[in-house]
Structure formats: structure tokens, C-alpha cells
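To start, the structure under review is shown below, and the notes come after it.
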Amino acid sequence: MSSRASKKTELLRMLGNPVRLHRELKRFRRAAHVLSSRHRRLIQKYPNQWIAVYDDDVIASGATLDAVLKEVAKRKVPQERTIVHFVEKNQRTMILCNLCLVGDLGIPADGLTLKPR
Amino acid sequence: MFSGRFGDTSGRPYIEAQVILPRLKISSGVSFIVDTGADQTVLMPLDAVRLGIDYRKLRRGQNLFGVGGSCKSYRESALIVFSENNRRLFLYEIEVGIIEKRREFMRTRSLLGRDILDRLRMDYNASKRIITFKAISSDATIRLPTRPSS
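These protein sequence lines map, in sequence, to chains A and B.
6 is the number of the first residue of the first sequence in the working numbering; add one for each residue after it.
10 is the number of the first residue of the second sequence in the working numbering; add one for each residue after it.
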């Protein structure tokens with residue numbers, strides 16, 4: 006078997022059943038889309054709260070991430086298909102650019118220190 | 010072709026993928042922010058906690074640097090899978106970064122970086138709220154069985 010073919014076999018082994026995976030991903034996407042399509046309603050109902058969405062429904066809400074994850078576990082809902090999100094009443098501005106290795110910038114791992122002259 | 014979504018009121022671009030961490034026996038959906046400024050794909054602690062990743066089992070990676078400063082990361086071999094309608098799965102084998110658990114990162118979504126984005130073609134139309142991707146290359150492509158027509 007060529008190395009390319011054996012690599013593909015290895016990847017397929019890691020993947021498991023592709024049809025099942027596709028189905029699971031589809032359900033997860035449906036839950037994620039709820040965050041986009043119903044966001045205004047979610048802000049009204051759960052301002053500054055954590056929520057967990059499974060399929061089309063908000064199945065848990067609370068003030069802390071831990072509380073919501075505990076509720077998800079209690080309901081025996083698969084966490085891998087549940088999307089957890091903090092519903093911010095006032096949108097934060099986030100700048101996420103330039104996430105790179107510190108070494109690439111020539112910055113010491115423990116950060117920069119400015120020496121007084 | 011597979012599509013992403015524009016998020017809530019922020020308008021951030023997202024895409025959902027299945028993340029498989031074979032060593033940890035974890036397979037889960039993750040919603041990523043599409044971030045062309047990120048050199049590598051990272052799982053933020055919100056997803057790491059939800060996926061049940063035990064940080065004690067992780068291998069220490071390099072420090073990562075972003076606008077907010079530097080942070081510790083861990084590295085793990087991962088398979089990132091996208092699904093194209095009901096037709097194909099695209100697999101990408103990468104070393105994913107897992108960001109340390111810190112309070113200020115807990116509300117931030119995981120980032121899909123250029124280690125994967127460089128292998129996709131992205132059509133980004135924010136005014137129409139359409140974001141689509143076409144795979145230029147992948148480590149493996151799996152054709153899904155078509156349903157027999159009734």
C-alpha cells in the first residue's frame with residue numbers, strides 16, 4: 006500500500022463512521038444557527054447569561070458556565086452536539102488578529118520588560 | 010462548497026466543523042470564528058471545557074501572542090472535518106492549539122486559522138450575510154453515500 010493510501014486509511018480509522026459524523030455535524034450546525042437566527046430574542050430572554058442550545062432549543066441557561074454545563078449533563082444531552090454561548094447584552098468589540106507564536110516575534114516567552122534609562 | 014454563518018449582532022463570520030482528538034478519544038462539533046489573522050487553529054477554553062478536555066493530559070505547546078498579549082497553549086493532533094451539503098466530507102489533519110484556561114478567554118470562540126484557511130477558497134459577502142468555502146485541497150475527501158431515490 007502506498008504511503009498516501011495508508012495515510013488515508015489511518016484518517017478514515019480516526020474518523021469512524023462518516024455518515025454518522027455527517028449527521029452529528031448537521032445537528033450541531035442547526036444548533037449553532039439558532040444563535041444567529043434568534044439572537045435578538047435570546048438577548049431579550051437571556052441577557053448576560055450563559056445558554057446551551059441543543060437542536061433548535063435552549064435547554065439550559067444560567068449565570069455561570071459551570072451551572073449550564075451541569076444542567077446539560079443532568080439532562081443527559083450529548084455535550085458534543087450542544088453549543089454553549091454567553092449572550093452579551095452589550096456587544097464587545099473584539100480584535101482577534103495576529104495570533105501567532107511568541108517566538109516568531111522575537112519576544113521572550115515570559116513577555117517584554119521595559120528597563121528604565 | 011460549504012457555508013458558514015454570520016454571527017448574532019456582532020456580524021462575526023463563523024463556521025462549524027467536527028473536531029476529532031484521537032489521542033483523547035474526543036469527537037465534537039465546534040463553532041469557529043473564521044480568523045485570517047490567526048496563524049493556526051486554536052480551541053479556546055470554552056470549547057475545551059465543553060468537550061471535557063483534561064488539561065493535565067495535554068502536552069505543553071508554545072506561547073501564543075495576540076492583541077491581548079501572550080498566553081500559554083497546549084498542542085494536540087486533531088482532525089478537522091467539514092461537511093459539504095450531503096455530498097462530501099473534507100478532512101484536515103493538523104496540530105491544534107488549545108489555549109490555557111483563563112477567565113478573560115472563557116467567552117471567546119475557537120479560531121479557525123490559516124493552517125486550514127490557506128487550503129480553502131472563501132467567498133465573503135458580509136452585506137448579503139453569505140460566507141461560503143470551497144476546498145482547494147484536503148488530507149482526505151470522503152464521498153457520502155447518496156440515498157436511493159424512492
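Note that beta-carbon positions come from the ideal geometry of N, C-alpha and C, so glycine has one too.
In this structure, the straight-line span from the alpha carbon of A47 (chain B) to that of G70 (chain B) is close to 16 Å. Positions of the alpha helix (DSSP H) runs, each at least 4 residues long and wholly inside the region 35–59 of chain B, are given as 54–59 in order along the chain. Per DSSP, the continuous alpha helix (DSSP H) segment holding V39 (chain A) begins and ends at P23 to S42.
Pairing F74 (chain B) with A144 (chain B) gives a Cβ-Cβ distance that is not under 7 Å.
Straight through space, the alpha carbons of N53 (chain A) and G122 (chain B) are spaced by roughly 28 Å.
Beta-bridge analysis with DSSP links K143 (chain B) to B:R130. In this structure the region 38–51 of chain A does not lie against the region 14–29 of chain A, because fewer than three pairs of beta carbons, one per stretch, are closer than 8 Å.
Residues of the region 93–117 of chain B with a C-beta atom less than 8 Å from some C-beta of chain A are N95, L98, L100, E102, M115, R116 and T117, listed in chain order.
Between M115 (chain B) and L52 (chain B), the CB-CB gap reaches or exceeds 7 Å. S92 (chain B) is bridged by DSSP to B:L98. Shown here, V89 (chain A) sits in a strand according to DSSP, grouped into three states. Distances from the CA of K110 (chain B) to each of B:I151, B:L126 and B:K81 were compared; the closest alpha carbon is that of B:K81.
In the DSSP assignment, S12 (chain B) is bridged to B:T141. Excluding sequence positions up to five before and after G16 (chain B), its CB lies within less than 7 Å of the CB of Y23, all in the same chain and listed in chain order. In this chain, the beta strand (DSSP E) harbouring R152 (chain B) covers A149 to R152.
Think of a sphere of 7 Å around the beta carbon of Q54 (chain A): no beta carbon from chain B falls inside it, the nearest being about 12 Å out.
About 13 Å separates the beta carbons of I64 (chain A) and A72 (chain A), which is beyond the 8 Å limit, so they are not a contact pair. Chain A has a Cβ within less than 7 Å of the Cβ of G38 (chain B).
Look at the region 16–28 of chain B: the residues with a C-beta under 8 Å from a C-beta of chain A are G16, D17, T18, S19, R21, Y23, E25, A26 and Q27. One Cα belongs to A135 (chain B), the other to S19 (chain B), and the distance between them is close to 11 Å. With 16 or more neighbouring CB atoms inside 10 Å of its own CB, A26 (chain B) falls in the buried class.
Residue burial annotation: A87 (chain B) is buried, with at least 16 other C-beta atoms found within 10 angstroms of its C-beta. Under the Cβ criterion of 7 Å, R43 (chain A) is not counted among the residues facing chain B.
Spatial neighbours of K94 (chain A) in its own chain (CB-CB distance under 7 Å, excluding positions within 5 residues in sequence) are listed in chain order as I48, P52 and N53. In this structure, R68 (chain B) lies away from Q84 (chain A), with their beta-carbon atoms at least 7 Å apart. At a cut-off of 7 Å between beta carbons, E85 (chain A) contacts chain B. In the three-state DSSP reduction, I125 (chain B) falls in the helix class (H, G or I). In the three-state reduction of the DSSP assignment, R112 (chain B) falls in the helix class.
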